[in-house]
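Working notes for the structure below.
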Amino acid sequence: MAAPRTSSSRPCVLLTGFDAFGGETMNPSWLSVQSLHGRRIQDHTVVAAQLPTVFDDSLVELKRLLLLHKPALVICVGQAGGRAAISLERVAININDARIADNASAQPIDTPVINGGPAAYFSSLPIKAMLLAIRHKGIPAEVSQTAGTFVCNHVFYGLMHMLAKQRGFKQTRGGFIHVPYLPDQGQPSLPLDSMVQGLRIAVMTALKTGKDIASGAGALD
Ligand code: PCA
Numbered sequence: 077m078a079a080p081r082t083s084s085s086r087p088c089v090l091l092t093g094f095d096a097f098g099g100e101t102m103n104p105s106w107l108s109v110q111s112l113h114g115r116r117i118q119d120h121t122v123v124a125a126q127l128p129t130v131f132d133d134s135l136v137e138l139k140r141l142l143l144l145h146k147p148a149l150v151i152c153v154g155q156a157g158g159r160a161a162i163s164l165e166r167v168a169i170n171i172n173d174a175r176i177a178d179n180a181s182a183q184p185i186d187t188p189v190i191n192g193g194p195a196a197y198f199s200s201l202p203i204k205a206m207l208l209a210i211r212h213k214g215i216p217a218e219v220s221q222t223a224g225t226f227v228c229n230h231v232f233y234g235l236m237h238m239l240a241k242q243r244g245f246k247q248t249r250g251g252f253i254h255v256p257y258l259p260d261q262g263q264p265s266l267p268l269d270s271m272v273q274g275l276r277i278a279v280m281t282a283l284k285t286g287k288d289i290a291s292g293a294g295a296l297d
């Protein structure tokens, strides 16, 4: 697979995190991807960027980043309060259904992410291989069957739609990972170091793995 090149000629990995939302003062998704910015993993350079926790604007920014960096791999990361493990999301669905307002006070209910788009897209990341590799380091991880219906699912669906439809991105792999709260935000939580390490392993495994391994997620629990 010929990897797209950045201006620095080394292929790049785009990691995105979100700004704080819902009354929180921090978002671990941004803090964790930020600390990987500039790191070299499997001869790729990591570019970390922040997306606003806002329907539509988040996808405008994501499209700009894709066209600018032409990454070989894109992983969008978000916070999922209430979860105890790094969640490798399997599927994005074509629905916005917000329980709370986003950071621009919008609260869409039962609207499509993309008018006329397919019902769902699967992640194109090797989520089973990533699950095993992260757990192997003693970091809690799980495959998740829903990224919710708020801005994270919106971005995940929009990402997969762009990769499917945008010229030049057919070879680009992409997907979504949710991270738990940090200890300061409440329980359950995961320390920042573990999130950063888990994401680094996720990126490395995605770059190293061609076809995903066939392993029942249930059997790994
Ligand atoms: N989590 C939210 C949106 C931004 C974030 O970090 C979600 O799970 O939809």
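Be aware that the sequence shown starts at 77, since it is given in our numbering, and climbs by one per residue. Ideal placement from N, C-alpha and C gives every residue a C-beta, glycine not left out.
- For S105, the enclosing alpha helix (DSSP H) covers residues 104–110.
- In the DSSP assignment, Q118 falls outside any beta strand (DSSP E) and carries neither an H nor an E.
- The beta carbon of E165 sits closer than 7 Å to the beta carbons of S199, S220, A223, F232, G251, F252, I253, H254 from its chain, once the five residues preceding and following it are set aside; these are given in chain order.
- Ranked by Cα distance from L258, the options N103, F97, G99, L142 are led by N103.
- Comparing alpha carbon positions, the residue from G214, V189, D132 closest to N179 is D132.
- The three-state secondary structure of L283, taken from DSSP, is helix.
- Closest by C-alpha distance to G93, out of P87, V227, S270, K287, is V227.
- Sequence-distant Cβ neighbours of N170 in its own chain, meaning closer than 7 Å and more than five residues away, are P188, V189, I190, G193, P194, A195, A196, Y233.
- Between A174 and I185 a beta carbon distance of about 7 Å is seen, short of the 8 Å cut, so the two are scored as contacting.
- With contacts defined as CB atoms closer than 7 Å, L207 and A282 fail to qualify as a contacting pair.
- Just measuring C-alpha positions, the residue of P264, H113, G262, A209 sitting nearest V89 is H113.
- Around the ligand PCA, the residues whose beta-carbon falls short of 6 Å from at least one of its heavy atoms are F94, F97, N103, S105, T129, G154, Q155, A156, G224, F226, V227, C228, given in chain order.
- H212 and R159 have their C-alpha atoms some 19 Å from each other.
- By a beta-carbon distance limit of 8 Å, V153 contacts L275. Their separation comes to about 7 Å.
- Residue state for N179 is assigned as coil, using DSSP reduced to three classes.
- Between the alpha carbons of L239 and Q273 lies a distance of about 26 Å.
- As summarised for the stretch 161–214, the continuous beta strand (DSSP E) elements at least 3 residues long and confined to that stretch are 162–165, 167–169, 196–198, given in chain order.
- In the three-state scheme derived from DSSP, where H, G and I count as helix and E and B as strand, A96 is classed as coil.
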